[in-house]
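Before any comments, here is the structure.
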Amino acid sequence: MEVFVYQPTSDQLRTPDKPVVHLNVNTSVQAIDTSVGVASVPFAILVNRSAGSFRLFGLARLKAAMRRAGLGQEVPLVLCTGSELHDRALELVHQGAQTLGILGGDGSARTVALALRGLDVPILPLPGGTLNRLCHRVHGHADLGQTLRDLGNAKPVWLSGGLANEHVFLVASGFGPWMGFHTMRETMRRHGFWAGLGALKTLRHDLFAGRLSLSANRQACDVVIAAPGQVDEAFGLGTKEIDFPETRLETAQARFSGLGNVMWLALAVLFRRWRNLSFAKTQISDRLSVSCGGDEIIGLVDGEKCQFGDHLVLRALPRAALVLSTKGSQG
Numbered sequence: 019m020e021v022f023v024y025q026p027t028s029d030q031l032r033t034p035d036k037p038v039v040h041l042n043v044n045t046s047v048q049a050i051d052t053s054v055g056v057a058s059v060p061f062a063i064l065v066n067r068s069a070g071s072f073r074l075f076g077l078a079r080l081k082a083a084m085r086r087a088g089l090g091q092e093v094p095l096v097l098c099t100g101s102e103l104h105d106r107a108l109e110l111v112h113q114g115a116q117t118l119g120i121l122g123g124d125g126s127a128r129t130v131a132l133a134l135r136g137l138d139v140p141i142l143p144l145p146g147g148t149l150n151r152l153c154h155r156v157h158g159h160a161d162l163g164q165t166l167r168d169l170g171n172a173k174p175v176w177l178s179g180g181l182a183n184e185h186v187f188l189v190a191s192g193f194g195p196w197m198g199f200h201t202m203r204e205t206m207r208r209h210g211f212w213a214g215l216g217a218l219k220t221l222r223h224d225l226f227a228g229r230l231s232l233s234a235n236r237q238a239c240d241v242v243i244a245a246p247g248q249v250d251e252a253f254g255l256g257t258k259e260i261d262f263p264e265t266r267l268e269t270a271q272a273r274f275s276g277l278g279n280v281m282w283l284a285l286a287v288l289f290r291r292w293r294n295l296s297f298a299k300t301q302i303s304d305r306l307s308v309s310c311g312g313d314e315i316i317g318l319v320d321g322e323k324c325q326f327g328d329h330l331v332l333r334a335l336p337r338a339a340l341v342l343s344t345k346g347s348q349g
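In short: position in the sequence shown from 1, add 18, done, that's the working numbering.
Dropping the structure here:
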């Protein structure tokens with residue numbers, strides 16, 4: 019999958035101080051069924067051709083969901099690669115789009131949201147990736163059909179986020195040598211199972227060395243996960259309550275004594291009991307730093323691999339992205 023890591027400028031990282039304007043969801047939905055060009059349609063959908071949903075179903079799944087939602091055939095569907103999302107989003111806004119749907123993974127939605135930050139144009143995240151964690155956070159679920167059916171009652175909200183050095187994340191970021199398994203997963207997806215197993219040799223040999231350390235408690239750990247809401251969102255399970263105004267980060271850390279701890283943590287995550295584990299700890303703050311004994315820190319930012327040097331600073335980022343949320347519209 020093509021991955022485009024968009025680095026926002028300092029202007030795009032500013033906190034917009036103007037209220038949301040120029041958005042009327044009902045007008046946008048009503049205008050969808052008119053036979054007009056892209057320049058006049060206030061709602062369009064960007065489709066990342068690299069996303070897992072598109073590779074499996076093409077446009078069939080999306081078009082079927084749109085028909086069932088009564089959206090008609092006139093909604094512009096703009097196909098592009100991950101590296102083209104940023105430019106295509108800006109082009110559509112300049113052509114008059116007031117709301118952009120984005121079918122892709124968490125990284126795709128993040129790229130578009132940051133591209134439009136400060137323009138008062140919300141994005142509508144649509145599930146098209148593997149975990150669709152951002153959809154869970156924004157809508158409370160990852161159901162494509164339900165999201166489109168509830169579009170008429172959707173509301174624009176500012177979503178809080180976080181910064182890992184200068185990398186923005188909207189769902190979660192993870193750090194430590196265990197994040198190297200992402201490389202193995204991507205290799206397996208692109209080149210097959212055996213090639214993926216071959217990527218095991220790229221993993222660092224300090225998986226259980228406890229090299230990571232947080233400034234808040236200085237306790238050694240093997241993995242650190244940070245999220246602007248609850249860390250549970252990082253696991254793709256969603257949360258019972260979603261607090262959009264949250265302006266602090268929840269950080270979880272774990273120290274593994276062996277592979278058994280890893281397997282026990284994975285099982286506890288599935289049953290939402292990981293917070294009770296003795297080797298896992300959480301804390302809430304608006305800023306903290308992470309070190310790795312002078313070694314390079316590797317991590318995932320909304321599912322995309324990044325490198326951070328030997329020192330990492332995590333910060334909360336209020337009003338990180340303007341999104342169109344259907345949460346509370348069900349029924």
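For glycine and all other residues, C-beta sits at the position ideal for the given N, C-alpha and C.
Using the Cβ count rule (16 or more neighbours within 10 Å means buried), how would you classify residue i?
| i | result |
| --- | --- |
| residue 240 | buried |
| residue 62 | buried |
| residue 343 | buried |
| residue 184 | exposed |
| residue 3 | This structure leaves residue 3 out entirely; the chain is present only between 19 and 349. |
| residue 233 | exposed |
| residue 89 | buried |
| residue 248 | buried |
| residue 46 | Caution is warranted here: a pLDDT of 35 is assigned to residue 46, below 50, making its placement in the model unreliable, and the coordinate value is therefore given only provisionally. That one is buried. |
| residue 302 | exposed |
| residue 158 | buried |
| residue 91 | exposed |
| residue 116 | buried |
| residue 275 | exposed |
| residue 284 | exposed |
| residue 235 | exposed |
| residue 307 | exposed |
| residue 271 | buried |
| residue 50 | With a pLDDT of 30 at residue 50, under the threshold of 50, the modelled position of that residue is not reliable, and the figure given next carries that caveat. Buried, because 16 or more other Cβ atoms sit within 10 Å of the Cβ of residue 50. |
| residue 335 | buried |
| residue 75 | exposed |
| residue 277 | exposed |
| residue 332 | buried |
| residue 82 | exposed |
| residue 100 | buried |
| residue 346 | exposed |
| residue 296 | exposed |
| residue 162 | buried |
| residue 215 | exposed |
| residue 66 | buried |
| residue 73 | exposed |
| residue 300 | exposed |
| residue 155 | buried |
| residue 110 | buried |
| residue 203 | exposed |
| residue 105 | exposed |
| residue 122 | buried |
| residue 288 | exposed |
| residue 78 | exposed |
| residue 128 | buried |
Looking at the unbroken alpha helix (DSSP H) that takes in residue i, where does it start and where does it end?
| i | result |
| --- | --- |
| residue 104 | 103-112 |
| residue 156 | 151-157 |
| residue 165 | 162-167 |
| residue 137 | First-last for residue 137: undefined, no H or E at that position. |
| residue 72 | 70-75 |
On the DSSP bridge list, what partners appear for residue i?
| i | result |
| --- | --- |
| residue 177 | 339 |
| residue 191 | 244 and 319 |
| residue 425 | Residue 425 lies beyond the range of the chain shown here (19 to 349); nothing can be said about it. |
| residue 82 | Answer is none; residue 82 lacks a bridge partner. |
| residue 272 | 241 and 298 |
| residue 60 | Beta-bridge pairing links residue 60 to no other residue. |
| residue 182 | 185 and 332 |
| residue 97 | 65 |
| residue 144 | 121 |
| residue 267 | 303 |
Over what stretch of residues does the beta strand (DSSP E) that includes residue i continue unbroken?
| i | result |
| --- | --- |
| residue 91 | Residue 91 -> no beta strand (DSSP E), and no H or E assigned at all. |
| residue 122 | 117-122 |
Return the Cβ separation of residue i and residue j in integer angstroms, given the expectation that the two are a contact with Cβ distance under 8 Å.
| i | j | result |
| --- | --- | --- |
| residue 147 | residue 246 | In fact, because the Cβ distance is near 19 Å, the residues do not count as touching under 8 Å. |
| residue 166 | residue 84 | 6 Å |
| residue 132 | residue 143 | Between residue 143 and residue 132 the Cβ distance is about 13 Å, and since that is not below 8 Å, they are no contact. |
| residue 188 | residue 320 | 6 Å |
| residue 190 | residue 126 | Contact flag wrong, Cβ pair sits at about 16 Å. |
| residue 197 | residue 317 | 5 Å |
| residue 315 | residue 328 | 7 Å |
| residue 130 | residue 118 | 6 Å |
Counting only C-beta atoms, is residue i closer than 8 Å to chain C at any point?
| i | result |
| --- | --- |
| residue 91 | Of the protein chains in this structure there is only one, and it is not chain C. |
Taking 7 Å as the cut-off, is the C-beta of residue i nearer than that to any heavy atom in the ligand COA?
| i | result |
| --- | --- |
| residue 277 | Questions concerning the ligand COA fall outside what the structure shown contains, since it holds no ligand whatsoever. |
Sequence ranges, beta strand (DSSP E) only - wholly within the segment 274-336, length at least 3:
298-303, 305-309, 316-319 and 322-325
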